[in-house]
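To convert, note that position 237 of the sequence shown is 237 in the UniProt record's numbering; the numbers rise steadily by one, no gaps.
Glycine is no exception: its CB is placed at the ideal position from the N, C-alpha and C atoms.
I have placed the structure first, in the form of structure tokens, so that the comments after it can refer back to it.
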Amino acid sequence: MAEAAEGQETLEPTSPRNTAPHPSPGLLAKLSDRDTPAPELCVALESLCEVEEEALQPYIPHVLPLLSSSDESVSWAALEVFKLLSGAALATHAGYILDQLSSTHGGVRWRVVELLGSLEQRDLSLHASRVTEYTSHPDSSMRRRAVELLGKLDAPDLQQYAGAVVARLEDEDEDVRLSALEALGKLEAAAAPYKEDVLRRLADEEGCVRLGALSVLGNLPLEVVHLHGRDVLACVDDSDWRVRRGAMELLNRMQLEALEPRAIKECLQAVLLRVEHSDARVREWSVSMMHRMHSLTLFDSALLPAALTALEKLSSDEDRRVRSRAAEVRDRLQNAESVDVLAPADQ
1 MAEAAEGQET
11 LEPTSPRNTA
21 PHPSPGLLAK
31 LSDRDTPAPE
41 LCVALESLCE
51 VEEEALQPYI
61 PHVLPLLSSS
71 DESVSWAALE
81 VFKLLSGAAL
91 ATHAGYILDQ
101 LSSTHGGVRW
111 RVVELLGSLE
121 QRDLSLHASR
131 VTEYTSHPDS
141 SMRRRAVELL
151 GKLDAPDLQQ
161 YAGAVVARLE
171 DEDEDVRLSA
181 LEALGKLEAA
191 AAPYKEDVLR
201 RLADEEGCVR
211 LGALSVLGNL
221 PLEVVHLHGR
231 DVLACVDDSD
241 WRVRRGAMEL
251 LNRMQLEALE
261 PRAIKECLQA
271 VLLRVEHSDA
281 RVREWSVSMM
291 HRMHSLTLFD
301 SALLPAALTA
311 LEKLSSDEDR
321 RVRSRAAEVR
331 DRLQNAESVD
341 VLAPADQ
């Protein structure tokens with residue numbers, strides 16, 4: 001290979017995946033010179049994206065100050081360079097990168113969040129307290145992304161910052177509220193102390209948020225869910241079909257035999273009110289719930305005639321699955337030689 005001519009740079013970052021161990025003095029000078037025009041800086045930074053990580057290290061101290069450039073394109077290009085770093089190397093500069101969340105440029109803040117999200121959980125947890133500061137940022141997209149970052153933490157670390165997440169359940173932006181619920185969902189049973197805050201979201205104006213609240217409740221211990229069966233049952237009539245299905249799935253997981261007789265009767269009454277629901281899946285669920293109660297010998301004797309009447313009507317339902325299921329349960333009730341039922345609950 002011919003030797004480099006006198007004065008020629010020993011490293012040309014623009015060559016594909018340059019792995020040379022020595023940095024280019026000319027490129028270093030360009031990155032360090034405050035008078036370098038923004039377009040030239042962007043070209044220089046873009047050339048670094050063709051350098052292997054090992055060869056990139058000498059340039060990093062010169063790229064760091066460019067993260068806070070007043071020119072959005074320069075900041076963006078500098079952040080692109082940091083995308084090339086491995087997790088451990090990126091973690092070394094995470095604090096400085098996080099400082100850029102105060103940028104006035106939304107695109108820069110978005111890229112910063114993306115970079116921080118690529119950190120290992122243990123590295124991200126070291127900066128979680130600073131991330132919480134941005135959960136109340138004036139920009140709703142920034143609040144959402146800060147909550148999403150907290151949601152990447154393991155449950156024990158997330159629990160330390162649950163208060164900041166719960167506060168966002170009342171956010172004016174539905175995406176922020178939903179992100180907060182998704183983060184709380186990671187706590188599973190540990191989210192129980194915040195159940196009242198979550199329950200209020202069952203009345204949220206946005207269906208996706210109501211569904212998110214149901215998902216969080218579904219991760220709580222069943223004994224906690226049982227205490228709020230009425231709230232879940234009300235969601236079976238939700239205007240959003242996803243919420244209706246979510247409520248039915250959660251109710252099907254409930255241990256009916258663990259409920260008080262009065263609660264069982266109220267549940268059966270609620271089921272009977274839904275046998276004419278416009279959603280065939282709700283009607284099918286109603287039949288399944290009656291079957292469960294019969295199988296568990298939990299039928300209230302006073303409601304048995306009403307149940308048989310409802311099942312008779314559903315056996316002619318327009319939906320094939322509803323018809324089949326209703327006829328099966330009706331026959332079970334009619335043909336049983338003895339149905340072990342509870343005495344009517346106290347009025």
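### Whether Val108 touches Ser86 by CB criterion (7 angstroms)
Working through the sequence shown from its first residue, we reach residue 108 at position 108. Working through the sequence shown from its first residue, we reach residue 86 at position 86. Between Val108 and Ser86, the gap from beta carbon to beta carbon reaches 7 angstroms or more.
### Query
With C-beta atoms as the reference, is Val81 less than 7 angstroms away from Leu45?
The count along the sequence shown starts at 1 and reaches residue 81 at position 81. The count along the sequence shown starts at 1 and reaches residue 45 at position 45. In this structure, Leu45 lies closer than 7 angstroms to Val81 by Cβ.
### Query
On the three-pair Cβ rule with 8 angstroms, is the stretch 313-320 touching the stretch 259-272?
In short, these stretches do not touch, since the Cβ pair count stays below three.
### Rounded separation between His105 and Glu72 - CA only
Position 105 of the sequence shown, counting from 1, holds the residue named residue 105. Position 72 of the sequence shown, counting from 1, holds the residue named residue 72. The straight-line gap from Cα to Cα measures roughly 7 angstroms.
### As assigned by DSSP and simplified to three states, the class of Glu249
Translated into positions along the sequence shown, residue 249 becomes position 249. Secondary structure at Glu249: helix, using DSSP grouped into helix, strand and coil.
### Message
How far does the alpha helix (DSSP H) with Pro261 in it extend, from its first residue to its last?
### Response
Your numbering for residue 261 matches position 261 in the sequence shown. Per DSSP, Pro261 belongs to the alpha helix (DSSP H) from Pro261 to Leu272.
### Query
Residues in its own chain within less than 8 angstroms of Glu284 by CB, not counting five upstream and five downstream?
As a first step, residue 284 is located in the sequence shown; it is residue number 284 there, counting from the start. Result list for Glu284: Asp319, Arg321, Val322 and Arg325, in chain order.
### Message
Measuring alpha carbon to alpha carbon, tell me which residue in Glu328, Trp110, Asp123 and Arg262 is nearest Ser301.
### Response
In the sequence shown, counting from the first residue as 1, residue 301 sits at position 301. Distances from the CA of Ser301 to each of Glu328, Trp110, Asp123 and Arg262 were compared; the closest alpha carbon is that of Arg262.
### Message
Measuring only the C-alpha atoms, how far is Asp240 from Val209?
### Response
The residue you call residue 240 lines up with position 240 of the sequence shown. The residue you call residue 209 lines up with position 209 of the sequence shown. Their backbone Cα atoms lie some 11 angstroms apart in a straight line.
### Query
Leaving out the 5 sequence neighbours to the left and right, which residues in its chain are closer than 7 angstroms to Glu206 when beta-carbon positions are compared?
Within the sequence shown, the letter at position 206 stands for residue 206. Cβ neighbours of Glu206 beyond the five flanking positions: Glu174.
### Query
Leaving out the 5 sequence neighbours to the left and right, which residues in its chain are closer than 8 angstroms to Leu79 when beta-carbon positions are compared?
Within the sequence shown, numbered from 1, the residue matching residue 79 stands at position 79. Here the set comprises Leu67, Ile97, Gln100, Val108, Arg111, Val112 and Leu115.
### Nonlocal neighbours in the same chain, by C-beta distance under 7 angstroms from Met142, ignoring five residues either side
Position 142 of the sequence shown, counted from the start, is the residue given in the question as residue 142. Excluding sequence neighbours, Met142 sits near Arg109 and Tyr134.
### Query
With 16 as the cutoff for other CB atoms within 10 Å, does Glu328 come out buried or exposed?
The residue labelled residue 328 in the question sits at position 328 within the sequence shown. Here Glu328 is exposed. Its C-beta has fewer than 16 other C-beta atoms within 10 Å.
### Query
What does a CB cutoff of less than 6 angstroms around Arg145 pick up in its chain, not counting 5 residues either side in sequence?
Here residue 145 refers to the residue found at position 145 when the sequence shown is read from its first residue. A distance below 6 angstroms between beta-carbons, with the five flanking residues on each side excluded, links Arg145 to the following residues of its chain, in chain order: Val113.
### Query
Buried or exposed: which applies to Lys265, given that a residue is buried once 16 or more other Cβ atoms fall within 10 Å of its Cβ?
Counting from 1 along the sequence shown, the entry for residue 265 is found at position 265. The residue is buried, with at least 16 neighbouring Cβ atoms inside 10 Å.
### Task
Output the distance between the C-alpha atoms of Pro21 and Pro39, rounded to the nearest integer angstrom.
Stepping through the sequence shown from its first residue, residue 21 is reached at position 21. Stepping through the sequence shown from its first residue, residue 39 is reached at position 39. At Pro21, the pLDDT of 48 sits below 50, so the modelled position is not reliable; the number obtained from the coordinates is stated separately. Answer to the nearest angstrom: the Cα atoms are 27 angstroms apart.
### Glu196 versus Val131 - alpha carbon distance
Position 196 of the sequence shown, counted from the first residue, corresponds to residue 196. Position 131 of the sequence shown, counted from the first residue, corresponds to residue 131. If you take the alpha carbons of Glu196 and Val131, they lie about 25 angstroms apart.
### Message
What does the Cβ neighbour count give for Lys83, buried or exposed, with the cut at 16 atoms within 10 Å?
### Response
Locating residue 83 in the sequence shown gives position 83, counting from the first residue. Exposure of Lys83 is indicated by the presence of fewer than 16 other C-beta atoms within 10 angstroms of its C-beta.
### Task
Give the secondary structure of Val275 by DSSP, where H, G and I count as helix, E and B as strand, and everything else as coil.
Residue mapping note: residue 275 aligns to position 275 of the sequence shown, counting from 1. Look at Val275 here: in three-state DSSP terms it is coil, with no helix or strand label.
### Task
Mark Ser24 as exposed unless 16 or more other C-beta atoms lie within 10 angstroms of its C-beta, in which case mark it buried.
Here residue 24 refers to the residue found at position 24 when the sequence shown is read from its first residue. The residue is buried, with at least 16 neighbouring Cβ atoms inside 10 Å.
### Query
From Gly117, Glu172, Leu150 and Leu153, pick the residue whose C-alpha is nearest to that of Asp139; which is it?
For the purposes of this step, residue 139 is identified with residue 139 of the sequence shown, where counting begins at 1. Here the closest residue by C-alpha is Glu172.
### Task
Taking all protein chains shown into account, decide if Leu217 is buried (16 or more other Cβ within 10 angstroms of its Cβ) or exposed.
Position 217 of the sequence shown, counted from the start, is the residue given in the question as residue 217. Sixteen is the threshold: when 16 or more other Cβ atoms of the shown chains lie within 10 Å of the Cβ of Leu217, as they do, the residue is buried.
#### Entry: Cβ distance (whole Å) where Leu214 is taken to contact Ala183 below 8 angstroms
Residue 214 sits at position 214 when you count from the first residue of the sequence shown. Residue 183 sits at position 183 when you count from the first residue of the sequence shown. The C-beta distance from Leu214 to Ala183 rounds to 16 angstroms, too long to fall under 8 angstroms, and the pair is not in contact.
### Message
Short of 8 angstroms in beta carbon distance, which residues of its chain neighbour Ser129, apart from the five on each side in sequence? Order them along the chain.
### Response
Along the sequence shown, read from residue 1 onward, the residue named residue 129 stands at position 129. Once the five neighbours on either side are set aside, the close Cβ partners of Ser129 are Tyr161.
### Query
Taking the alpha helix (DSSP H) that Leu66 falls in, what are its first and last residues?
Walking along the sequence shown from the start, residue 66 turns up at place 66. DSSP places Leu66 outside any alpha helix (DSSP H), giving it a letter other than H or E.
### Task
Quick one: residues in its chain with C-beta nearer than 6 angstroms to the C-beta of residue 348, no 5 flanking neighbours on either side, listed in chain order?
Because the chain spans 1 through 347 in this model, residue 348 falls outside it and cannot be assessed.
### Task
Pull up the CB-CB distance for Cys235 and Leu187, whole angstroms please, since I reckon it's below 8 angstroms.
Position 235 of the sequence shown holds residue 235. Position 187 of the sequence shown holds residue 187. About 21 angstroms; that fails the 8 angstroms criterion.
### Message
Tell me the rounded alpha-carbon separation between His291 and Thr297.
### Response
Here residue 291 is taken as the residue at index 291 of the sequence shown, counted from 1. Here residue 297 is taken as the residue at index 297 of the sequence shown, counted from 1. Here the alpha carbon of His291 sits roughly 10 angstroms from the alpha carbon of Thr297.
### Query
By the 10 Å Cβ neighbour count, where 16 or more other Cβ atoms means buried, how is Arg330 classified, buried or exposed?
By 1-based counting over the sequence shown, the position of residue 330 is 330. Taking every protein chain shown into account, the CB of Arg330 has 16 or more other CB atoms within 10 angstroms, so this residue is buried.
### Message
Do Leu153 and Ser125 have their beta-carbon atoms positioned less than 7 angstroms apart in this structure?
### Response
One-based indexing of the sequence shown puts residue 125 at position 125. One-based indexing of the sequence shown puts residue 153 at position 153. For Ser125 and Leu153, yes; Cβs fall inside 7 angstroms.
### Task
Counting only the same chain and skipping the five closest in sequence on each side, list residues whose C-beta sits under 7 angstroms from that of Ala190.
One-based indexing of the sequence shown puts residue 190 at position 190. In chain order, Ala155 and Gln159 place their CB closer than 7 angstroms to the CB of Ala190, counting only its own chain and leaving out the 5 sequence neighbours on each side.
### Query
Taking just the CA atoms, how far does Glu53 sit from Leu27?
One-based indexing of the sequence shown puts residue 27 at position 27. One-based indexing of the sequence shown puts residue 53 at position 53. Taking the Cα positions, Leu27 is about 16 angstroms away from Glu53.
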